[in-house]
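There are 2 protein chains.
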Amino acid sequence: MSEPYTPTARTRVTREPHRGIYDRAIAYQILDEGFICHVGFVIDNQPFVIPTGYGRAGDNLYIHGSAASRMLRNLDQGVPVCVTVTLLDGLVLARSIFNQSMNYRSVVVLGTAVAVEDPKEKLEALRALSDHILPGRWADVRQPNDKELKATLVMRLPITEFSAKVRQGPPIDDEEDYSFPTWAGVVPLKMQTGAPINDPRLDPAQEVPLYARNYSRNK
Amino acid sequence: MSEPYTPTARTRVTREPHRGIYDRAIAYQILDEGFICHVGFVIDNQPFVIPTGYGRAGDNLYIHGSAASRMLRNLDQGVPVCVTVTLLDGLVLARSIFNQSMNYRSVVVLGTAVAVEDPKEKLEALRALSDHILPGRWADVRQPNDKELKATLVMRLPITEFSAKVRQGPPIDDEEDYSFPTWAGVVPLKMQTGAPINDPRLDPAQEVPLYARNYSRNK
């Protein structure tokens, strides 16, 4: 267990409250295993939810790409966002439709995202984003130049207001349904990495690096 | 190609516009392959993004569960939502950090979700949700009773304002970077289903049904 954390009214899990987890270490494990997040923001009272890459450095999340772009078009001050990361672990097949479920681990972070202006922090954020996707890659590629850094939008969201939600294990049926004549159980789900595919223009002298071979995401 | 569809200012893809797709058939393929969506809604100007199951019946999306619950706590009329489904297909490892990317297929649907009140439509929506997760399951389980139907929140979102976004294929590097001495290519990603795990309380006479064996999601 890491430091105690008290959820706010906005992050307290109200539906299936026994699934709510407010432990920072567990939330970070989930955040570190996901490949993408879904960023929510509001324009003219319309919510938008955009998938994008992210990275974590300490108690900050960094996002970039099209989500940041669309947000920044409208606001160059801080913008209220919700960043959600979901890992899907299985289909939970109960004996009744009502108790069908899924096994998952998710984290919701609420707060105000701000654009990262400092070039040094921006570079570190890009490194966190790269390390997040594929540790080892950063050292092997051409680093961003000044022009690219200026063209890159990165936003920082402090991980202060958050909650995690986890469901795992077998289906939970109503007691009287356990005699219902059907199969019940879990179909596991896992994000699987495949064998690397060489770029068609790859220099034949270049071999697939170790960090990209048999890359397994599950810690 | 299906019927022509003209994006609105809100759904036109502005970042990497060549990735924008406004074809209904392609959007539905993506929607039908995903297991979960991320629903965005707004409470007191704060966006929330909640993962949840969904189903499609014709030109309607149905969602239920905790997202609907939290939304309905605040609004029993229609509520502006954004439903996003993202399929992750690969890590795109370019020769420069700036051109790192991911292969993905995503759909964003904007609109107003309303609670489904009619018991018949609600039952059909639950069937669509079940068929969406695991075709064949619906016929094998105990159907919802009146009490459960009343306790279930289902919302309907017409698929009228939407866009899809797709990136596939190898990295696209700046021309001068192709000689940079590093490996480049794609690490494929796929949501893999595993061998079904029997419920610990399963009647030993019950065998794993065909629809849950070797279940592959990719159409």
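If you read the sequences in order, they're chains Z and L.
Reading the first sequence from the start, the letters are residues 1 to 219 in our numbering.
Reading the second sequence from the start, the letters are residues 220 to 438 in our numbering.
Ideal Cβ positions, reconstructed from N, Cα and C, are used throughout, including at glycine.
Keep in mind the model is a prediction, meaning the values are calculated, not measured.
{"Item": "Give a yes or no on whether the minimum CB-CB distance between E124 (chain Z) and chain L is below 8 Å.", "Value": "no"}
{"Item": "Mind listing the chain L neighbours of K190 (chain Z)? Cutoff is C-beta to C-beta under 7 Å, in chain order.", "Value": "Q411, G413"}
{"Item": "For S216 (chain Z), count neighbouring Cβ atoms within 10 angstroms of its own Cβ and tell me buried if that reaches 16, exposed if not.", "Value": "exposed"}
{"Item": "Note down, in chain order, each residue of its chain lying with its Cβ closer than 7 Å to the Cβ of D242 (chain Z), except the 5 sequence neighbours on either side.", "Value": "Because chain Z here runs from 1 to 219, residue 242 (chain Z) falls outside it and cannot be looked at."}
{"Item": "For G53 (chain Z), decide whether its Cβ has a neighbour in chain L, counting only Cβ atoms nearer than 8 Å.", "Value": "yes"}
{"Item": "So which residues of chain Z does I269 (chain L) contact, with C-beta pairs closer than 8 Å?", "Value": "T84, V108"}
{"Item": "Determine whether the Cβ of D59 (chain Z) lies closer than 8 Å to any Cβ atom of chain L.", "Value": "no"}
{"Item": "Helix, strand or coil for K438 (chain L)? Go by DSSP, reduced to three states.", "Value": "With a pLDDT of only 49 at K438 (chain L), under the threshold of 50, the placement of this residue in the model should not be trusted; the figure read from the coordinates follows. Residue state, collapsed to three classes: coil."}
{"Item": "Does the separation of the CB atoms of T412 (chain L) and L157 (chain Z) fall below 8 Å?", "Value": "no"}
{"Item": "What is the rounded straight-line gap between the Cα of T401 (chain L) and the Cα of D131 (chain Z)?", "Value": "17 Å"}
{"Item": "Which of the residues in the region 129-145 of chain Z, read from start to end, lie with their CB under 9 Å from any CB of chain L?", "Value": "L129, S130, I133, L134, R137, W138, D140, V141, R142, Q143, P144, N145"}
{"Item": "Going along chain L, which residues have a C-beta under 7 Å from I21 (chain Z)?", "Value": "None at all; the shortest Cβ gap to chain L is about 15 Å."}
{"Item": "According to DSSP, what are the bridge partners of F381 (chain L)?", "Value": "L:V328"}
{"Item": "What number of angstroms, rounded off, separates the C-alpha of V327 (chain L) from the C-alpha of D422 (chain L)?", "Value": "42 Å"}
{"Item": "Scan the region 221-273 of chain L and note each continuous beta strand (DSSP E) run of 3 residues or more that stays entirely inside, going in chain order.", "Value": "255-262"}
{"Item": "Going by CA-CA distance only, name the one from L:R324, L:G274, L:Q296 that's closest to Y241 (chain L).", "Value": "L:R324"}
{"Item": "Just to check my reading of the structure: Y62 (chain Z) and L134 (chain Z) have Cβ atoms closer than 8 Å, yes? What is that Cβ distance to the nearest angstrom?", "Value": "Rounded, the Cβ-Cβ distance is 16 Å, inconsistent with contact."}
{"Item": "Please confirm whether L210 (chain Z) has its beta-carbon closer than 8 Å to some beta-carbon of chain L.", "Value": "no"}
{"Item": "With E380 (chain L) and R229 (chain L) assumed to form a contact (beta carbons below 8 Å), what rounded beta-carbon distance in angstroms separates them?", "Value": "7 Å"}
{"Item": "Within 8 Å (strictly less), CB to CB, does A403 (chain L) reach chain Z?", "Value": "yes"}
{"Item": "Please name the residue in L:P419, L:A383, L:H237, L:P389 whose C-alpha comes closest to that of T305 (chain L).", "Value": "L:A383"}
{"Item": "Could you check where the alpha helix (DSSP H) with I133 (chain Z) kicks off and where it finishes?", "Value": "119-133"}
{"Item": "Tell me whether the beta-carbon of P338 (chain L) lies closer than 8 Å to the beta-carbon of F98 (chain Z).", "Value": "no"}
{"Item": "Please state the DSSP three-state secondary structure of I97 (chain Z).", "Value": "helix"}
{"Item": "Could you give the first and the last residue of the continuous beta strand (DSSP E) run that contains L408 (chain L)?", "Value": "404-412"}
{"Item": "Let me check one thing: in DSSP terms, what residues is L91 (chain Z) bridge-paired to?", "Value": "Z:M102, Z:V187"}
{"Item": "Just the Cα atoms here: how many angstroms apart are M220 (chain L) and K122 (chain Z)?", "Value": "Its pLDDT being 45, under 50, M220 (chain L) is placed unreliably in this model, and the value from its coordinates should be taken loosely. For M220 (chain L) and K122 (chain Z), the distance between alpha carbons rounds to 42 Å."}
{"Item": "Pull up the distance between the alpha-carbon of G58 (chain Z) and that of E394 (chain L), whole angstroms please.", "Value": "36 Å"}
{"Item": "Is the CB of P236 (chain L) under 8 Å away from at least one CB in chain Z?", "Value": "no"}
{"Item": "I367 (chain L) versus chain Z: which residues are under 7 Å apart at the beta carbon?", "Value": "Inspection of the sequence shows that residue 367 (chain L) is occupied by Glu rather than by Ile. Residues of chain Z passing the Cβ test: F98."}
{"Item": "So, for L312 (chain L): in the same chain, excluding its five sequence neighbours on each side, which residues have a beta-carbon less than 8 Å away from its beta-carbon?", "Value": "Q319, P390, W402, A403, G404, V405, V406"}
{"Item": "Would L307 (chain L) pass as a contact of F35 (chain Z) if the rule is Cβ separation under 8 Å?", "Value": "yes"}
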